[in-house]
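These notes are about the structure you will find just below.
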(Lines of atoms letter the chains of each structure in order from A; the text may use other names.)
(Lines give C-alpha, C1' and ligand atoms only; values in the text may rest on other atoms or scores of the structure.)
Protein backbone atom coordinates (compact mmCIF):
# COMPACT_ATOMS: atom_id res chain seq x y z
CA UNK A 24 0.00 0.00 0.00
CA UNK A 25 1.52 3.31 -1.10
CA UNK A 26 2.17 6.11 1.39
CA UNK A 27 -0.47 8.39 -0.15
CA UNK A 28 -3.14 5.72 0.23
CA UNK A 29 -2.90 5.66 4.04
CA UNK A 30 -3.90 8.22 6.65
CA UNK A 31 -0.99 10.48 7.56
CA UNK A 32 -2.19 10.94 11.15
CA UNK A 33 -4.54 9.16 13.52
CA UNK A 34 -6.38 12.48 13.92
CA UNK A 35 -7.02 12.59 10.16
CA UNK A 36 -8.46 9.07 10.28
CA UNK A 37 -10.67 10.01 13.24
CA UNK A 38 -11.92 13.26 11.69
CA UNK A 39 -12.69 11.45 8.44
CA UNK A 40 -14.66 8.74 10.24
CA UNK A 41 -16.51 11.41 12.21
CA UNK A 42 -17.21 13.04 8.84
CA UNK A 43 -18.59 9.72 7.64
CA UNK A 44 -20.75 9.36 10.75
CA UNK A 45 -21.91 12.97 11.04
CA UNK A 46 -24.46 13.77 8.38
CA UNK A 47 -28.17 14.44 7.94
CA UNK A 48 -28.73 11.63 10.46
CA UNK A 49 -27.07 13.77 13.13
CA UNK A 50 -28.01 17.32 12.23
CA UNK A 51 -31.64 16.67 11.24
CA UNK A 52 -32.76 13.06 11.73
CA UNK A 53 -31.52 12.73 15.34
CA UNK A 54 -33.59 15.75 16.31
CA UNK A 55 -36.65 14.43 14.49
CA UNK A 56 -36.44 11.09 16.31
CA UNK A 57 -35.94 12.83 19.66
CA UNK A 58 -38.90 15.17 18.98
CA UNK A 59 -41.15 12.28 18.02
CA UNK A 60 -40.07 10.02 20.89
CA UNK A 61 -40.22 12.22 23.95
CA UNK A 62 -36.89 14.05 24.12
CA UNK A 63 -34.92 12.53 26.98
CA UNK A 64 -36.80 9.27 26.56
CA UNK A 65 -34.90 8.95 23.27
CA UNK A 66 -31.58 10.31 24.52
CA UNK A 67 -31.14 7.98 27.51
CA UNK A 68 -31.68 4.65 25.69
CA UNK A 69 -29.75 5.98 22.68
CA UNK A 70 -26.68 6.51 24.88
CA UNK A 71 -27.10 2.99 26.26
CA UNK A 72 -27.41 1.51 22.76
CA UNK A 73 -24.36 3.50 21.64
CA UNK A 74 -22.23 1.99 24.41
CA UNK A 75 -23.53 -1.58 24.18
CA UNK A 76 -23.96 -1.94 20.40
CA UNK A 77 -22.55 1.08 18.55
CA UNK A 78 -19.01 1.13 19.95
CA UNK A 79 -18.53 -2.69 19.72
CA UNK A 80 -19.63 -2.68 16.06
CA UNK A 81 -17.31 0.23 15.30
CA UNK A 82 -14.47 -1.73 16.91
CA UNK A 83 -15.31 -4.86 14.94
CA UNK A 84 -15.50 -3.18 11.51
CA UNK A 85 -12.40 -1.08 12.16
CA UNK A 86 -10.41 -4.10 13.38
CA UNK A 87 -11.33 -6.16 10.32
CA UNK A 88 -10.27 -3.32 8.01
CA UNK A 89 -7.08 -2.71 10.02
CA UNK A 90 -6.05 -6.39 9.89
CA UNK A 91 -7.28 -7.44 6.45
CA UNK A 92 -6.41 -4.26 4.52
CA UNK A 93 -9.19 -5.25 2.13
CA UNK A 94 -12.68 -3.90 1.38
CA UNK A 95 -15.81 -5.70 2.56
CA UNK A 96 -16.41 -8.19 -0.29
CA UNK A 97 -12.83 -9.50 -0.26
CA UNK A 98 -12.71 -9.61 3.56
CA UNK A 99 -16.01 -11.52 3.71
CA UNK A 100 -14.81 -13.83 0.92
CA UNK A 101 -11.87 -15.05 3.00
CA UNK A 102 -14.25 -16.28 5.69
CA UNK A 103 -17.36 -17.34 3.75
CA UNK A 104 -16.27 -17.70 0.08
CA UNK A 105 -19.80 -17.78 -1.35
CA UNK A 106 -22.19 -16.46 1.29
CA UNK A 107 -19.69 -13.82 2.40
CA UNK A 108 -19.22 -12.45 -1.09
CA UNK A 109 -22.99 -12.44 -1.55
CA UNK A 110 -23.48 -10.45 1.67
CA UNK A 111 -20.64 -8.11 0.73
CA UNK A 112 -22.06 -7.46 -2.74
CA UNK A 113 -25.49 -6.82 -1.23
CA UNK A 114 -23.90 -4.22 1.08
CA UNK A 115 -22.15 -2.56 -1.88
CA UNK A 116 -25.44 -2.26 -3.79
CA UNK A 117 -27.00 -0.80 -0.64
CA UNK A 118 -24.22 1.80 -0.45
CA UNK A 119 -24.71 2.56 -4.14
CA UNK A 120 -28.45 3.11 -3.63
CA UNK A 121 -27.96 5.15 -0.45
CA UNK A 122 -25.40 7.20 -2.34
CA UNK A 123 -27.97 7.79 -5.10
CA UNK A 124 -30.35 9.63 -2.77
CA UNK A 125 -27.85 10.88 -0.21
CA UNK A 126 -26.03 12.85 -2.88
CA UNK A 127 -29.38 14.41 -3.88
CA UNK A 128 -30.13 15.36 -0.27
CA UNK A 129 -26.68 16.92 -0.04
CA UNK A 130 -27.56 18.79 -3.23
CA UNK A 131 -30.51 20.33 -1.37
CA UNK A 132 -28.03 22.00 0.99
CA UNK A 133 -25.95 23.31 -1.93
CA UNK A 134 -29.03 24.88 -3.49
CA UNK A 135 -30.24 26.31 -0.17
CA UNK A 136 -26.82 27.81 0.55
CA UNK A 137 -27.21 29.72 -2.71
CA UNK A 138 -30.88 30.54 -2.05
CA UNK A 139 -29.99 31.94 1.38
CA UNK A 140 -27.07 33.99 0.08
CA UNK A 141 -29.34 35.44 -2.65
CA UNK A 142 -32.32 36.01 -0.29
CA UNK A 143 -34.53 33.84 -2.50
CA UNK A 144 -36.46 31.90 0.16
CA UNK A 145 -39.94 33.45 0.61
CA UNK A 146 -42.11 33.58 3.74
CA UNK A 147 -43.98 30.46 2.64
CA UNK A 148 -40.93 28.20 2.90
CA UNK A 149 -43.04 25.01 2.72
CA UNK A 150 -44.58 25.91 -0.64
CA UNK A 151 -41.18 27.00 -1.97
CA UNK A 152 -39.45 23.77 -0.87
CA UNK A 153 -42.08 21.29 -2.00
CA UNK A 154 -43.55 22.93 -5.10
CA UNK A 155 -40.94 25.24 -6.58
CA UNK A 156 -37.75 23.41 -5.57
CA UNK A 157 -38.65 19.71 -5.39
CA UNK A 158 -41.61 19.96 -7.78
CA UNK A 159 -43.08 17.28 -5.53
CA UNK A 160 -45.92 15.10 -6.77
CA UNK A 161 -48.70 13.89 -4.43
CA UNK A 162 -47.59 10.24 -4.42
CA UNK A 163 -45.04 7.65 -5.49
CA UNK A 164 -47.28 6.74 -8.42
CA UNK A 165 -46.77 10.12 -10.11
CA UNK A 166 -43.24 10.61 -11.44
CA UNK A 167 -43.78 14.27 -12.23
CA UNK A 168 -40.85 15.98 -13.88
CA UNK A 169 -37.17 16.41 -13.23
CA UNK A 170 -36.26 19.25 -10.86
CA UNK A 171 -33.38 20.99 -12.62
CA UNK A 172 -32.33 22.93 -9.48
CA UNK A 173 -32.10 19.65 -7.52
CA UNK A 174 -30.23 17.74 -10.23
CA UNK A 175 -27.88 20.65 -10.98
CA UNK A 176 -26.96 20.96 -7.29
CA UNK A 177 -26.51 17.18 -7.14
CA UNK A 178 -24.10 17.32 -10.09
CA UNK A 179 -22.04 19.89 -8.17
CA UNK A 180 -21.82 17.50 -5.19
CA UNK A 181 -20.80 14.66 -7.53
CA UNK A 182 -18.09 16.80 -9.11
CA UNK A 183 -16.63 17.87 -5.76
CA UNK A 184 -16.75 14.27 -4.51
CA UNK A 185 -14.88 12.99 -7.58
CA UNK A 186 -12.25 15.74 -7.28
CA UNK A 187 -11.60 14.96 -3.60
CA UNK A 188 -11.55 11.15 -3.89
CA UNK A 189 -9.26 10.88 -6.93
CA UNK A 190 -6.68 12.87 -4.98
CA UNK A 191 -6.39 9.90 -2.63
CA UNK A 192 -6.73 9.38 1.10
CA UNK A 193 -4.17 11.87 2.42
CA UNK A 194 -4.47 14.66 -0.13
CA UNK A 195 -8.22 14.29 -0.58
CA UNK A 196 -10.46 12.91 2.15
CA UNK A 197 -8.13 13.50 5.11
CA UNK A 198 -7.33 17.13 4.27
CA UNK A 199 -10.94 18.11 3.62
CA UNK A 200 -12.42 16.34 6.67
CA UNK A 201 -9.65 17.55 9.01
CA UNK A 202 -10.44 21.12 7.96
CA UNK A 203 -14.22 21.11 7.79
CA UNK A 204 -15.32 18.80 10.63
CA UNK A 205 -13.93 21.00 13.46
CA UNK A 206 -15.56 23.99 11.68
CA UNK A 207 -18.90 22.15 11.59
CA UNK A 208 -18.70 21.29 15.30
CA UNK A 209 -17.98 24.91 16.24
CA UNK A 210 -20.76 26.25 14.04
CA UNK A 211 -23.38 23.86 15.44
CA UNK A 212 -22.36 24.88 18.97
CA UNK A 213 -22.78 28.52 17.96
CA UNK A 214 -26.26 27.79 16.54
CA UNK A 215 -27.21 26.06 19.80
CA UNK A 216 -26.18 29.17 21.78
CA UNK A 217 -27.97 31.56 19.41
CA UNK A 218 -31.25 29.61 19.36
CA UNK A 219 -31.14 29.28 23.16
CA UNK A 220 -31.04 33.08 23.49
CA UNK A 221 -34.09 33.62 21.26
CA UNK A 222 -37.41 34.41 23.01
CA UNK A 223 -38.77 31.12 24.34
CA UNK A 224 -35.75 29.27 22.99
CA UNK A 225 -34.31 28.24 26.36
CA UNK A 226 -37.44 26.20 27.11
CA UNK A 227 -36.35 23.89 24.30
CA UNK A 228 -33.72 22.45 26.65
CA UNK A 229 -36.49 21.37 29.01
CA UNK A 230 -38.36 19.56 26.25
CA UNK A 231 -35.07 18.11 25.01
CA UNK A 232 -33.72 16.74 28.29
CA UNK A 233 -36.89 15.95 30.22
CA UNK A 234 -37.75 12.31 29.47
CA UNK A 235 -41.27 11.19 28.71
CA UNK A 236 -40.88 7.70 30.15
CA UNK A 237 -44.27 6.62 28.82
CA UNK A 238 -42.45 6.21 25.48
CA UNK A 239 -39.80 3.79 26.80
CA UNK A 240 -41.85 0.63 26.20
CA UNK A 241 -42.92 1.72 22.72
CA UNK A 242 -41.32 -0.70 20.18
CA UNK A 243 -41.18 2.13 17.63
CA UNK A 244 -38.83 4.04 19.95
CA UNK A 245 -36.31 1.19 19.95
CA UNK A 246 -36.61 0.72 16.22
CA UNK A 247 -35.87 4.42 15.75
CA UNK A 248 -32.91 4.20 18.13
CA UNK A 249 -31.20 1.31 16.37
CA UNK A 250 -32.06 2.66 12.93
CA UNK A 251 -30.56 6.02 13.87
CA UNK A 252 -27.53 4.35 15.50
CA UNK A 253 -26.68 2.09 12.55
CA UNK A 254 -27.14 4.77 9.92
CA UNK A 255 -25.42 7.51 11.88
CA UNK A 256 -22.32 5.38 12.56
CA UNK A 257 -22.42 3.83 9.04
CA UNK A 258 -22.56 0.29 10.45
CA UNK A 259 -23.17 -2.99 8.67
CA UNK A 260 -22.28 -1.83 5.14
CA UNK A 261 -18.48 -1.92 5.21
CA UNK A 262 -18.05 1.87 5.27
CA UNK A 263 -16.01 1.94 8.50
CA UNK A 264 -14.09 -1.11 7.26
CA UNK A 265 -13.39 0.70 3.96
CA UNK A 266 -11.76 3.66 5.73
CA UNK A 267 -9.94 1.44 8.23
CA UNK A 268 -8.15 -0.62 5.59
CA UNK A 269 -6.07 2.49 4.86
CA UNK A 270 -4.68 2.68 8.41
CA UNK A 271 -1.01 2.34 9.28
CA UNK A 272 0.31 0.01 11.94
CA UNK A 273 0.61 2.76 14.58
CA UNK A 274 -3.14 3.49 14.80
CA UNK A 275 -4.80 2.79 18.16
CA UNK A 276 -8.12 1.33 16.94
CA UNK A 277 -9.96 1.17 20.32
CA UNK A 278 -9.06 4.76 21.19
CA UNK A 279 -9.94 5.97 17.69
CA UNK A 280 -13.35 4.27 17.69
CA UNK A 281 -14.24 5.63 21.13
CA UNK A 282 -13.40 9.14 19.90
CA UNK A 283 -15.46 8.60 16.74
CA UNK A 284 -18.47 7.47 18.80
CA UNK A 285 -18.03 10.42 21.19
CA UNK A 286 -17.65 12.94 18.35
CA UNK A 287 -20.69 11.56 16.56
CA UNK A 288 -22.82 11.80 19.70
CA UNK A 289 -21.62 15.28 20.67
CA UNK A 290 -22.49 16.70 17.23
CA UNK A 291 -25.88 14.92 17.36
CA UNK A 292 -26.59 16.22 20.86
CA UNK A 293 -25.59 19.82 20.13
CA UNK A 294 -27.50 19.83 16.83
CA UNK A 295 -30.54 18.42 18.63
CA UNK A 296 -30.32 21.17 21.24
CA UNK A 297 -30.15 23.86 18.54
CA UNK A 298 -33.17 22.46 16.76
CA UNK A 299 -35.24 21.93 19.93
CA UNK A 300 -34.57 25.55 20.93
CA UNK A 301 -35.58 26.62 17.42
CA UNK A 302 -38.85 24.68 17.69
CA UNK A 303 -39.45 26.13 21.16
CA UNK A 304 -38.93 29.67 19.84
CA UNK A 305 -41.41 29.13 17.01
CA UNK A 306 -43.84 27.58 19.51
CA UNK A 307 -43.48 30.70 21.68
CA UNK A 308 -43.93 33.17 18.81
CA UNK A 309 -46.85 31.41 17.10
CA UNK A 310 -48.63 30.39 20.32
CA UNK A 311 -48.59 26.69 19.41
CA UNK A 312 -48.03 23.74 21.70
CA UNK A 313 -44.45 22.47 21.40
CA UNK A 314 -45.54 19.12 19.98
CA UNK A 315 -47.68 20.82 17.31
CA UNK A 316 -44.92 22.80 15.56
CA UNK A 317 -43.82 19.96 13.28
CA UNK A 318 -46.71 18.69 11.20
CA UNK A 319 -45.08 15.64 9.60
CA UNK A 320 -42.43 12.98 10.22
CA UNK A 321 -40.22 14.37 7.47
CA UNK A 322 -36.64 15.01 8.55
CA UNK A 323 -36.38 17.80 6.01
CA UNK A 324 -39.30 19.78 7.43
CA UNK A 325 -36.88 20.91 10.14
CA UNK A 326 -33.98 21.82 7.89
CA UNK A 327 -35.61 23.25 4.80
CA UNK A 328 -38.97 24.55 6.03
CA UNK A 329 -38.65 25.37 9.72
CA UNK A 330 -35.17 26.94 9.82
CA UNK A 331 -35.77 29.34 6.88
CA UNK A 332 -38.75 30.65 8.89
CA UNK A 333 -36.55 31.09 11.94
CA UNK A 334 -33.89 33.05 10.04
CA UNK A 335 -36.47 35.73 9.18
CA UNK A 336 -36.34 36.97 12.81
CA UNK A 337 -32.72 38.11 12.36
CA UNK A 338 -33.58 40.82 9.85
CA UNK A 339 -32.59 41.02 6.17
CA UNK A 340 -28.80 41.27 6.66
CA UNK A 341 -28.26 38.67 9.38
CA UNK A 342 -30.83 36.39 7.75
CA UNK A 343 -28.52 36.08 4.74
CA UNK A 344 -25.39 35.48 6.84
CA UNK A 345 -26.91 33.01 9.31
CA UNK A 346 -28.89 31.13 6.68
CA UNK A 347 -25.91 30.78 4.35
CA UNK A 348 -23.67 29.51 7.17
CA UNK A 349 -26.32 27.07 8.40
CA UNK A 350 -26.90 25.46 5.01
CA UNK A 351 -23.18 25.38 4.31
CA UNK A 352 -22.83 23.39 7.54
CA UNK A 353 -25.54 21.01 6.33
CA UNK A 354 -23.55 20.69 3.09
CA UNK A 355 -20.38 19.78 5.03
CA UNK A 356 -22.28 17.18 7.05
CA UNK A 357 -23.72 15.71 3.86
CA UNK A 358 -20.70 15.65 1.57
CA UNK A 359 -18.33 14.10 4.10
CA UNK A 360 -20.85 11.27 4.33
CA UNK A 361 -20.94 11.06 0.52
CA UNK A 362 -17.14 10.68 0.54
CA UNK A 363 -17.35 7.59 2.75
CA UNK A 364 -20.17 6.03 0.72
CA UNK A 365 -18.33 6.47 -2.58
CA UNK A 366 -15.04 5.31 -1.00
CA UNK A 367 -16.74 2.12 0.17
CA UNK A 368 -18.16 1.38 -3.29
CA UNK A 369 -14.98 2.40 -5.15
CA UNK A 370 -12.75 0.33 -2.86
CA UNK A 371 -14.70 -2.83 -3.67
CA UNK A 372 -14.77 -1.99 -7.41
CA UNK A 373 -11.01 -1.37 -7.40
CA UNK A 374 -10.18 -4.72 -5.75
CA UNK A 375 -12.84 -6.94 -7.34
CA UNK A 376 -12.26 -5.71 -10.91
CA UNK A 377 -8.51 -5.10 -10.47
CA UNK A 378 -8.62 -1.55 -11.77
CA UNK A 379 -7.01 1.75 -10.80
CA UNK A 380 -8.35 3.95 -8.03
CA UNK A 381 -9.15 6.76 -10.47
CA UNK A 382 -11.25 4.46 -12.68
CA UNK A 383 -12.99 2.91 -9.66
CA UNK A 384 -13.88 6.33 -8.24
CA UNK A 385 -15.05 7.61 -11.63
CA UNK A 386 -17.29 4.57 -12.25
CA UNK A 387 -18.71 4.77 -8.70
CA UNK A 388 -19.49 8.50 -8.91
CA UNK A 389 -21.08 8.13 -12.35
CA UNK A 390 -23.22 5.20 -11.15
CA UNK A 391 -24.41 7.19 -8.13
CA UNK A 392 -25.07 10.26 -10.29
CA UNK A 393 -27.13 8.09 -12.66
CA UNK A 394 -29.24 6.82 -9.75
CA UNK A 395 -29.62 10.36 -8.45
CA UNK A 396 -31.57 11.25 -11.59
CA UNK A 397 -34.53 9.18 -10.34
CA UNK A 398 -34.40 10.81 -6.91
CA UNK A 399 -34.48 14.24 -8.56
CA UNK A 400 -37.89 13.61 -10.11
CA UNK A 401 -41.13 14.94 -8.64
CA UNK A 402 -41.71 11.69 -6.74
CA UNK A 403 -38.08 11.53 -5.56
CA UNK A 404 -38.93 12.23 -1.91
CA UNK A 405 -41.57 9.47 -1.98
CA UNK A 406 -39.03 7.09 -3.57
CA UNK A 407 -36.57 7.82 -0.76
CA UNK A 408 -39.28 7.06 1.80
CA UNK A 409 -40.10 3.80 -0.01
CA UNK A 410 -36.49 2.55 -0.11
CA UNK A 411 -35.22 3.73 3.29
CA UNK A 412 -36.80 0.92 5.36
CA UNK A 413 -34.88 -1.55 3.20
CA UNK A 414 -31.49 0.01 2.43
CA UNK A 415 -31.16 1.84 5.77
CA UNK A 416 -33.09 -0.67 7.87
CA UNK A 417 -33.40 -4.32 6.90
CA UNK A 418 -30.15 -4.40 4.91
CA UNK A 419 -28.10 -2.79 7.67
CA UNK A 420 -29.47 -5.30 10.17
CA UNK A 421 -28.59 -8.17 7.83
CA UNK A 422 -25.14 -6.65 7.40
CA UNK A 423 -24.65 -6.38 11.16
CA UNK A 424 -25.65 -10.01 11.70
CA UNK A 425 -23.38 -11.06 8.81
CA UNK A 426 -20.39 -9.28 10.36
CA UNK A 427 -20.97 -11.00 13.70
CA UNK A 428 -21.37 -14.43 12.05
CA UNK A 429 -18.25 -14.03 9.92
CA UNK A 430 -15.84 -12.26 12.25
CA UNK A 431 -16.97 -13.34 15.71
CA UNK A 432 -18.13 -16.93 15.20
CA UNK A 433 -16.61 -18.31 11.99
CA UNK A 434 -13.26 -16.51 12.21
CA UNK A 435 -11.52 -16.34 15.59
CA UNK A 436 -8.99 -13.72 14.49
CA UNK A 437 -11.17 -10.79 15.50
CA UNK A 438 -12.36 -11.77 18.96
CA UNK A 439 -12.81 -8.53 20.90
CA UNK A 440 -12.07 -8.43 24.63
CA UNK A 441 -14.37 -8.04 27.63
CA UNK A 442 -17.71 -6.26 27.30
CA UNK A 443 -17.41 -5.43 23.58
CA UNK A 444 -16.89 -9.09 22.65
CA UNK A 445 -19.71 -10.29 24.89
CA UNK A 446 -22.06 -7.69 23.42
CA UNK A 447 -21.22 -8.66 19.83
CA UNK A 448 -21.42 -12.42 20.35
CA UNK A 449 -24.50 -12.60 22.56
CA UNK A 450 -26.43 -9.35 22.93
CA UNK A 451 -26.21 -7.96 19.38
CA UNK A 452 -27.51 -11.07 17.56
CA UNK A 453 -30.57 -11.23 19.81
CA UNK A 454 -31.38 -7.52 19.54
CA UNK A 455 -30.76 -7.25 15.80
CA UNK A 456 -32.67 -10.45 15.04
CA UNK A 457 -35.63 -9.28 17.13
CA UNK A 458 -35.76 -5.92 15.34
CA UNK A 459 -35.32 -7.60 11.96
CA UNK A 460 -38.18 -10.04 12.60
CA UNK A 461 -40.36 -7.16 13.82
CA UNK A 462 -39.59 -5.13 10.69
CA UNK A 463 -40.30 -8.08 8.39
CA UNK A 464 -43.57 -8.91 10.12
CA UNK A 465 -44.73 -5.33 9.48
CA UNK A 466 -43.63 -5.57 5.85
CA UNK A 467 -45.79 -8.57 5.08
CA UNK A 468 -48.81 -7.45 7.06
CA UNK A 469 -50.10 -5.52 4.04
CA UNK A 470 -48.94 -4.67 0.53
CA UNK A 471 -48.63 -1.28 -1.15
CA UNK A 472 -46.58 0.32 -3.90
CA UNK A 473 -43.78 1.43 -1.57
CA UNK A 474 -43.28 -2.12 -0.31
CA UNK A 475 -43.35 -3.46 -3.85
CA UNK A 476 -40.60 -0.97 -4.80
CA UNK A 477 -38.28 -1.86 -1.93
CA UNK A 478 -38.76 -5.62 -2.25
CA UNK A 479 -38.37 -5.36 -6.01
CA UNK A 480 -35.09 -3.57 -5.33
CA UNK A 481 -34.01 -6.27 -2.85
CA UNK A 482 -34.74 -9.17 -5.22
CA UNK A 483 -32.96 -7.39 -8.08
CA UNK A 484 -29.76 -6.63 -6.17
CA UNK A 485 -29.79 -10.10 -4.58
CA UNK A 486 -29.80 -11.65 -8.06
CA UNK A 487 -27.05 -9.30 -9.23
CA UNK A 488 -25.02 -10.14 -6.13
CA UNK A 489 -25.45 -13.86 -6.81
CA UNK A 490 -24.23 -13.42 -10.41
CA UNK A 491 -21.18 -11.41 -9.29
CA UNK A 492 -20.41 -13.97 -6.60
CA UNK A 493 -20.58 -16.84 -9.07
CA UNK A 494 -18.24 -15.06 -11.50
CA UNK A 495 -15.76 -14.21 -8.74
CA UNK A 496 -15.68 -17.81 -7.47
CA UNK A 497 -15.25 -19.14 -11.02
CA UNK A 498 -12.37 -16.72 -11.63
CA UNK A 499 -10.66 -17.81 -8.41
CA UNK A 500 -10.98 -21.48 -9.39
CA UNK A 501 -9.41 -20.81 -12.80
CA UNK A 502 -6.54 -18.83 -11.23
CA UNK A 503 -5.88 -21.58 -8.66
CA UNK A 504 -5.80 -24.25 -11.39
CA UNK A 505 -3.26 -22.23 -13.36
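Numbering (our numbering), first residue to last: 24 to 505.
Using N, Cα and C, we set each Cβ at its ideal position, and we do this for glycine too.
Cβ-Cβ distance between residue i and residue j below 9 Å
i: residue 51; j: residue 294; result: yes
i: residue 39; j: residue 363; result: yes
i: residue 410; j: residue 112; result: no
i: residue 249; j: residue 72; result: yes
i: residue 260; j: residue 462; result: no
i: residue 281; j: residue 219; result: no
i: residue 496; j: residue 104; result: yes
i: residue 30; j: residue 190; result: no
i: residue 87; j: residue 375; result: no
i: residue 223; j: residue 308; result: yes
i: residue 37; j: residue 195; result: no
i: residue 358; j: residue 55; result: no
i: residue 210; j: residue 109; result: no
i: residue 163; j: residue 473; result: yes
i: residue 458; j: residue 420; result: yes
Residue from the options whose Cα sits closest to the Cα of residue i
i: residue 400; options: 127, 341, 179, 169; result: 169
i: residue 265; options: 494, 453, 84; result: 84
i: residue 486; options: 348, 116, 443, 54; result: 116
i: residue 176; options: 412, 345, 132; result: 132
i: residue 59; options: 150, 122, 235; result: 235
i: residue 288; options: 157, 42, 106; result: 42
i: residue 230; options: 134, 302, 338, 164; result: 302
i: residue 337; options: 471, 369, 326, 304; result: 304
i: residue 477; options: 263, 149, 121, 489; result: 121
DSSP state of residue i mapped onto helix, strand, coil
i: residue 326; result: helix
i: residue 61; result: coil
i: residue 26; result: Note that residue 26 has pLDDT 49, beneath the 50 cutoff, so the model's placement of it is unreliable and the number below is only indicative. Helix at residue 26.
i: residue 269; result: coil
i: residue 84; result: helix
i: residue 498; result: helix
i: residue 259; result: coil
i: residue 157; result: coil
i: residue 506; result: Look at the range of the chain in this structure, 24 to 505, and you will see that residue 506 is not part of it.
i: residue 469; result: coil
i: residue 435; result: coil
Nearest-angstrom beta carbon gap, residue j and residue i [assumed within contact, 8 Å]
i: residue 136; j: residue 402; result: Actually they are not in contact, since the Cβ atoms of residue 136 and residue 402 sit about 25 Å apart, beyond 8 Å.
i: residue 323; j: residue 139; result: Actually they are not in contact, since the Cβ atoms of residue 323 and residue 139 sit about 15 Å apart, beyond 8 Å.
i: residue 290; j: residue 45; result: 5 Å
i: residue 173; j: residue 156; result: 7 Å
i: residue 33; j: residue 279; result: 6 Å
For residue i, the first and last residue of its enclosing alpha helix (DSSP H)
i: residue 50; result: Counting along the chain, residue 50 falls outside any alpha helix (DSSP H), and DSSP gives it neither H nor E.
i: residue 338; result: 338-375
i: residue 236; result: Looking at the DSSP string, residue 236 is not in any alpha helix (DSSP H), and its letter there is neither H nor E.
i: residue 99; result: 95-102
i: residue 211; result: 198-220
i: residue 274; result: No alpha helix (DSSP H) holds residue 274; DSSP gives it neither H nor E.
i: residue 465; result: 451-466
i: residue 396; result: 380-398
i: residue 108; result: 106-140
i: residue 177; result: 171-189
i: residue 407; result: 403-412
i: residue 38; result: 33-44
Min CB distance residue i to chain D below 9 Å
i: residue 400; result: Absent from the structure is chain D; it holds one protein chain and no more.
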